[in-house]
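Chemist: Numbering (the working numbering), first residue to last: 133 to 248.
Glycine included, every Cβ here is placed at the ideal spot set by N, Cα and C.
Predicted model, so just to flag it, every value in this text is computed and none were measured.
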């Protein structure tokens, strides 16, 4: 069986797509992947890629570090793509918190940082 899963699927930013479209592809798609992982019983590690729009607080000055708490302000989340990426990450973190402490359960998030 499969022992590693890299979930990198996503839609691109497209003004014709609605929040519902992004909910289905981003959030529900990620949930289905994690459900399949649980049902397989062989997966040791899951990596879910994110997007810089989900952790890019445009109010930061150049050179300031961006952290997991720096989700975009509500003004940017009005864009369906940004909303979908933020909700996917939040859902993944919520799912991860509900799992038992198991070193095989890892949800990775790439954070862009100005620090060396």
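#1: Which residues in the same chain as residue 183 place their Cβ atom closer than 6 Å to its Cβ, once the five residues preceding and following it in sequence are excluded?
#2: Inspect the beta-carbon positions of residue 253 and residue 223 and report whether they are closer than 8 Å.
#3: If you follow the alpha helix (DSSP H) that residue 214 is in, where does it begin and where does it stop?
#4: Relative to the alpha-carbon of residue 174, which residue among 228, 221, 134, 226 has its alpha-carbon at the smallest distance?
#5: Classify residue 141: buried if its beta carbon has 16 or more other beta carbons within 10 angstroms, exposed otherwise.
#6: Within 10 angstroms of the Cβ of residue 242, are there 16 or more other Cβ atoms? Answer buried if so, exposed if not.
#7: Could you give the DSSP three-state label for residue 137: helix, strand or coil?
Modeler: Per the coordinate set shown:
#1: For this step, residue 183 is matched to residue 51 along the chain shown. Around residue 183: 217.
#2: Summary: the structure shown does not reach residue 253, with the chain confined to residues 133 through 248, and so no result is reported for it.
#3: On the chain shown, residue 214 is found 82 positions in, with the first residue counted as 1. Note, residue 214: alpha helix (DSSP H), 212-229.
#4: What you label residue 174 is simply residue 42 of the chain shown in a count that begins at 1. Checking every option, the nearest Cα to that of residue 174 belongs to 134.
#5: For this step, residue 141 is matched to residue 9 along the chain shown. Exposed.
#6: As a first step, residue 242 is located in the chain shown; it is residue number 110 there, counting from the start. Its pLDDT being 32, under 50, residue 242 is placed unreliably in this model, and the coordinates cannot settle the point.
#7: As a first step, residue 137 is located in the chain shown; it is residue number 5 there, counting from the start. Reduced to three states, the DSSP call for residue 137 is strand.
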